[in-house]
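Here the sequence shown stands for residues 169 to 574, where the numbers follow the numbering used here.
The C-beta atom is built at its ideal place from N, Cα and C for all residues, glycine as well.
One structure below.
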Amino acid sequence: MKTTKAIINCTVFDGVGSSTITQGAVLIEGKTISYVGKEDDITITEDIEVIDAQGGFVLPGLINAHDHLSWGYFENETPIEQETLLNRSDGELAIRGIKSGINSIISGVTTVRNCGDVRFVDLDYRHAFQKELFPGPRILVSGPWVVTSYAWITYPGIPTCDGVEEVRKFVRTNLRRGVDLIKIFIGGELLGLCNTNPQQTYISKEELATAIKEAHFHGKKATAHIMSSQSPGFKWAVDAGIDTLDHGIWFTEEDFKLMKSEDIDLVVTGGWWFEGGFADDAYPNAKDILKEWYHRVFNSGVRFAIGPDGRGEVGAMQSEIERLVNYGLDTVTAVQAATKNGAKVCGVENMIGTLEVGKYADILIVDGNPLERISDLRNIHTVIVEGKTQFTKKAGLAINLIVEKN
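Set out below in structure tokens:
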């Protein structure tokens, strides 16, 4: 088997800055990138596998910075059906996680940051992809999130913890099981969401600080679910050194200034909450609220990544990226939100997120030019994870990965 691959006949966007390389090429040695530059500057020998991009566009693999793969609803389902999922068996949830992961690969997503699941089933489907039992993305998991008994989102299979020592034990248990990050449920919700409101806070200052401190002590990032800074949990999280805040629909310009000064990242998941119909009853002007919020995010200077938050269908990440552009963001920054910024949020920016020598060869090839037409991100040609081709438009999923293991 040839261990060196050359992607040729393409335009390359390495994602580091805004420029592209026309008539470009990328060389892959094993799992990593060994060259990014002009095709004319390399020599293709017989021992190199050639991937002809056919005039296509090469960019880093997409990074989904917020999802719940086993909870994702698909084309033939509704959000209401999705609410019943967590009463189902671990086996079904793990299978659904695999289905969402496969849909991710088909969509050009090479890394997923999975922000909560029941009974550690996320470790099961992470393992299935790691062992190449199925073609799929790299998955970073949180396991069950840190949540107190007061919160509305105390689903079956997610134990609650109250008091500093219970929180500490909960976090340590997750870490011992092998999670990649710690997810904390703060609050500050949407009106009408399970009888909650933007001032709602489900965790004490001391409990929150303990969860963050334990995560950092063991070298893991801490992220939090929070919608509004009207919750005192926002300032508590900032003061305690939270790494990332997810959602943030009600964050103000002053909130973003504080986040930027403290180098706290935001993960944008606006589509699911508003355009998915979740908030329509409480907010008839949901789309106007969303537009104003996106503009605040774009103008804030806060580094942000994106995620579809439980949309399991093919193209869910493309919808989130297109939404950024539809609300006024330039295409380069939109793509970087789903690549370079996603890697930073995940804490793996030294490994993935840009096409640079020495980084993992997580690569997406599309037909067209998404920097000119963002919808071209849907024209998937080839998807590569750590140097292995996982999907092509010609051959489909790389089922040979499964066969070779047997």
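Taking DSSP as the reference, what is the three-state secondary structure of L230? Numbered from its first residue, the sequence shown carries residue 230 at position 62. The answer is strand: DSSP assigns L230 an E or B state.
If E524 sits next to V204, beta carbons under 8 Å apart, how far is it from one beta carbon to the other, in whole angstroms? In the sequence shown, counting from the first residue as 1, residue 524 sits at position 356. In the sequence shown, counting from the first residue as 1, residue 204 sits at position 36. Confirmed, about 7 Å.
Every unbroken alpha helix (DSSP H) inside the region 457-531 [4 residues or more]: 484-494, 499-505, 508-514
When the Cα of L227 is compared with those of I176, L413, K388, which residue comes out closest? Numbered from 1 along the sequence shown, position 59 holds the residue referred to as residue 227. That would be I176, whose Cα lies nearest to the Cα of L227.
Please state if the CB of V339 and the CB of A392 are separated by a distance shorter than 9 Å. Here residue 392 refers to the residue found at position 224 when the sequence shown is read from its first residue. Here residue 339 refers to the residue found at position 171 when the sequence shown is read from its first residue. No. Outside cutoff.
Look at the Cβ atom of N232, then the Cβ atom of P476, and state whether they are nearer than 9 Å. Translated into positions along the sequence shown, residue 232 becomes position 64. Translated into positions along the sequence shown, residue 476 becomes position 308. A contact, by the Cβ cut-off of 9 Å.
Which of helix, strand or coil does DSSP assign to K561? Position 393 of the sequence shown, counted from the first residue, corresponds to residue 561. Reduced to three states, the DSSP call for K561 is coil.
In angstroms with no decimal places, state the Cα-to-Cα distance between N574 and F385. Numbered from 1 along the sequence shown, position 406 holds the residue referred to as residue 574. Numbered from 1 along the sequence shown, position 217 holds the residue referred to as residue 385. Bear in mind that the predicted position of N574 carries a pLDDT of just 44, short of 50, making it unreliable; the figure below should be weighed with that in mind. One C-alpha to the other measures close to 40 Å.
By DSSP, does E572 sit in helix, in strand, or in coil? As a working mapping, residue 572 is identified with position 404 in the sequence shown. Reliability of the predicted coordinates at E572 is poor, the pLDDT of 47 falling under 50, and no value is obtained from them.
Helix, strand or coil for E357 per DSSP? Taking the sequence shown and counting its residues from 1, one reaches residue 357 at position 189. If DSSP states are grouped into helix, strand and coil, E357 belongs with coil.
Sort L539, K562, L565, T550 by Cα distance to G185 and report the nearest one. As a first step, residue 185 is located in the sequence shown; it is residue number 17 there, counting from the start. Checking every option, the nearest Cα to that of G185 belongs to L539.
Under a three-way DSSP split, which group does D235 fall into? Here residue 235 is taken as the residue at index 67 of the sequence shown, counted from 1. DSSP places D235 in strand when its eight states are reduced to three.
In chain order, what residues of the same chain lie with their CB nearer than 6 Å to the CB of E572, ignoring the 5 residues before and after it? Here residue 572 is taken as the residue at index 404 of the sequence shown, counted from 1. Because the pLDDT of E572 is 47, which lies under 50, any placement of that residue in the model is unreliable, and the question is left without a value.
Determine whether the beta carbon atoms of W440 and G480 lie at a separation below 9 Å. Against the sequence shown, residue 440 aligns to sequence position 272. Against the sequence shown, residue 480 aligns to sequence position 312. Taking 9 Å as the Cβ cut-off, W440 and G480 do not qualify as a contacting pair.
Taking Cβ positions, are D285 and G311 nearer each other than 9 Å? Residue 285 sits at position 117 when you count from the first residue of the sequence shown. Residue 311 sits at position 143 when you count from the first residue of the sequence shown. Taking 9 Å as the Cβ cut-off, D285 and G311 qualify as a contacting pair.
Which two residues bound the contiguous alpha helix (DSSP H) that contains L376? Along the sequence shown, read from residue 1 onward, the residue named residue 376 stands at position 208. Per DSSP, L376 belongs to the alpha helix (DSSP H) from 373-385.
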